[in-house]
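Under this note's numbering, the first residue of the sequence shown is numbered 24, with each subsequent residue one higher.
Glycine included, C-beta positions come from ideal geometry on N, C-alpha and C.
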Amino acid sequence: MEQINGSLQMEQALLFTFLEVSPDCNFREQLQSYRDTLQRQQMMLCQGSDDDELQTDGNRSGHLQNGELDLTPTNEEVIRIIAAQLAEIGDQFNKEIQGRVVEDLVQQFLNEKLSKEEITQHMSRVVNELVRSIPSDMAQEKAMLVLAMLLTKKIVNTVPSLLRRVCNVTANYMNQHFHNDIVEMLGE
24 MEQINGSLQM EQALLFTFLE VSPDCNFREQ LQSYRDTLQR QQMMLCQGSD DDELQTDGNR
84 SGHLQNGELD LTPTNEEVIR IIAAQLAEIG DQFNKEIQGR VVEDLVQQFL NEKLSKEEIT
144 QHMSRVVNEL VRSIPSDMAQ EKAMLVLAML LTKKIVNTVP SLLRRVCNVT ANYMNQHFHN
204 DIVEMLGE
């Protein structure tokens, strides 16, 4: 079973919002369904947790209110702003990504025989190759994060039914490789 925890929730929220604010997404219906799934996962996580204690700052951590993820408006707005900035950068990178790269990744995700780890390794190789070929003046980690999310959008635009699988793999990839960068960006 996949790990569902606070840090992965942050990656899922950033990826979801990136896709939501990105132009030219052909999978809006699937994206809303994915949002519902994320909210259900969060609800199950919170119901299974007995730590309903106040944090040292007086806030309760990671709880649901009225069935929705209890992100403070500030956090939600910060995620939206960061995701919009990353989507804008993604638009600049978009023309640099060859169609065959996306098609190859689509085939990886469609191959039921491959584990999520194998697909994640393949995605990591593709992101590493792309970051070397795309001229950018930003930090390499940030460029790689944008490329991973942009590839997710391009894959799901090609085959919308892959949304859940691609987003799960990408969120795990983001968590493994860019968690500290994301925490820093979101000012957590």
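Inter-residue CB distance, residue i and residue j (contact presumed, cutoff 8 Å)
i    : j    : result
S159 : A166 : 5 Å
T143 : I102 : Between I102 and T143 the Cβ distance is about 23 Å, and since that is not below 8 Å, they are no contact.
M146 : V192 : 7 Å
Rounded separation between residue i and residue j - CA only
i    : j    : result
L92  : L68  : With a pLDDT of only 44 at L92, under 50, the local geometry of the prediction cannot be trusted, and no value is derived from it.
R187 : Q163 : 27 Å
Q121 : V149 : 11 Å
F201 : Q53  : 25 Å
E100 : N180 : 26 Å
M172 : A106 : 10 Å
N134 : M66  : 31 Å
G113 : Q70  : 36 Å
G210 : F132 : 33 Å
L37  : L128 : 21 Å
R63  : Y57  : 10 Å
Short Cβ contact (7 Å threshold) for residue i with residue j
i    : j    : result
L185 : L170 : no
L31  : A194 : yes
A110 : V189 : no
N203 : E34  : no
query = At what residue ranges does the stretch 42 to 76 contain a whole run of the alpha helix (DSSP H), taking only runs of 4 or more?
reply = Correct list: 51 to 70.
task = Evaluate the contact criterion for the stretch 174 to 182 versus the stretch 110 to 127: three or more CB pairs, one atom per stretch, below 8 Å.
result = yes
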